[in-house]
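Accompanying notes for the structure given below.
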Amino acid sequence: MQQANDGDFVKVAFEAMLEDKEVFDSSNESGPLEFIVGFGTVFPGIDAAVVGMKEGETKVIKLPAKGAYGERDESLVQEIPRQSLNAELSPQPGMIIGMLVEREGQEQQVPASITAVTEDSVTIDYNHPLAGREIFYKITLEAINEPESASPQSN
């Protein structure tokens, strides 16, 4: 039976879980991952785990925070004046809002979490909500195709 190798186009069903095994994403909801092994379109730990797998094989892998959504960076938590937000917005802790940031000379909208609100200020956290957490993936290799017969879609 064929094993997945670098350069193969694969289809992988998955469940993404936190340390307590709470599933926060799965291919049942978003569809399977389809990618070229070794191309860098998925987390490196998933890429590496697929190498050597056979169609129908399932495994569970653990990604450290650094290999998943990154370590928490406290410099990405900022307190801003409340009046700098849209006047129609009623900020509440736990809200996710789009904020404009400058990256490499261009403005981009990124999601940010509101973590605290006072009369005068709002504390914004630009870290990914899963930053600093180990992530577990249960992956099942559904299909292996030759790269020339496939058209990859990055999920």
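With our numbering as the guide, the letters of the sequence shown map in order to residues 178 to 332.
Even for Gly, the Cβ is constructed at its ideal location relative to N, Cα and C.
All values derive from a computational prediction rather than experimental measurement.
- A direct Cα-to-Cα measurement between Glu248 and Phe201 gives close to 18 Å.
- Residue pairing of Gln260 in beta bridges, as defined by DSSP: absent, with no partner found.
- If you compare the alpha carbons of Phe212, Ala193, Phe216 and Gly217 with that of Glu206, the shortest gap goes to Ala193.
- Each residue's CA atom was taken as its position, placing Gly215 and Met230 some 14 Å apart.
- Per DSSP, the unbroken alpha helix (DSSP H) holding Glu206 starts and ends at Ser204 to Ser207.
- A residue is called buried once 16 or more other Cβ atoms fall within 10 Å of its Cβ, and Glu211 is buried on that count.
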